[in-house]
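Last residue of the sequence shown? That's 191 in my numbering, and every number before it is there in order.
Glycine included, every Cβ here is placed at the ideal spot set by N, Cα and C.
Some notes on the structure that comes next.
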Amino acid sequence: MNENAAPVRRVVVSRVILVLPLVLVAFVAITVGFVASKTVRQPYETPFFHLFFSDTLHMKAWLITAALLLALGQLLTASRIYEVLRFPPKGRFYHVVHRWSGRIAILLTLPVAYHCIFLLGFGTYDTRAYIHSLLGSFLYGTVLAKVLIVRSNGFRGWALPVAGSLLFSILLGLWLTSAFWYFSAFGVGI
């Protein structure tokens, strides 16, 4: 029996495992982008909702802003979990906060995604809308890839921080091309 067979097999399995989240991201992004590109229609058949906000655009801007603030909290708690920053309390507190703030952040993006994907569609009318649509297509695939990495064994130690950083970057890009743009152009309001 070859003594080098085990390390080679481990490297191949490790590379295959690393490809799975990338395939998941690509599949979801292509699916969301395709669905969004096929749903652009006017007049809108389904009415927009805006909860307690004055209109749908304010609702979307504030929900994505809240999600971004929770994502900033994710960065802070992740840095505490990985002991990049050290501050009290010790123990599993930051793991729980990290998990729940992530869940709430994703829940806050769902009404926004509904309007963007199923009512507005994939915007190509200007660069901002096009970049926003591309980032939006990748958001939930990246979420699923991060969950896959968290729930699976066999990923390298750097895979989870990279997935989390990518997810934060996408959310920040979505905020910059939507809420920040909206607040800058039309002012902050509710």
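Query: Judging by CA-CA distance, which residue of T57, N154, Y141 is the nearest neighbour of S170?; Result: Y141
Query: Are L58 and P112 close, meaning C-beta to C-beta below 8 angstroms?; Result: no
Query: Nearest by alpha-carbon distance to S80: which of G165, S153, R129 is it?; Result: G165
Query: Would DSSP call V9 helix, strand or coil?; Result: Because V9 carries a pLDDT of 48, less than 50, the predicted location of this residue cannot be relied on, and the following value inherits that uncertainty. DSSP places V9 in helix when its eight states are reduced to three.
Query: Among L23, L71, I18, Y83, which has the Cα closest to the Cα of P162?; Result: Y83
Query: So, at 8 angstroms on beta carbons, what are the nonlocal neighbours of R129 in its own chain, with the 5 sequence-adjacent residues on each side left out?; Result: T178, W182
Query: Is the beta carbon of F88 sitting closer than 8 angstroms to the one on I191?; Result: no
Query: What residues in its chain sit with their C-beta under 8 angstroms from that of A62, if we drop five residues either side in the sequence?; Result: S179, A180, Y183, F184
Query: If we count the other Cβ atoms within 10 Å of its Cβ and call it buried at 16 or more, is G92 buried or exposed?; Result: exposed
Query: Check whether the stretch 116 to 128 touches the stretch 20 to 39, taking contact to mean three or more Cβ pairs, one atom from each stretch, closer than 8 angstroms.; Result: yes
Query: Assuming T143 and V20 make a contact with CB atoms under 8 angstroms, what is their CB distance in whole Å?; Result: T143 to V20, Cβ: 15 angstroms. No contact.
Query: When the Cα atoms are used, what is the spatial distance from S102 to G74?; Result: 7 angstroms
Query: Quick one: Cα of G188 to Cα of L173, how far?; Result: 19 angstroms
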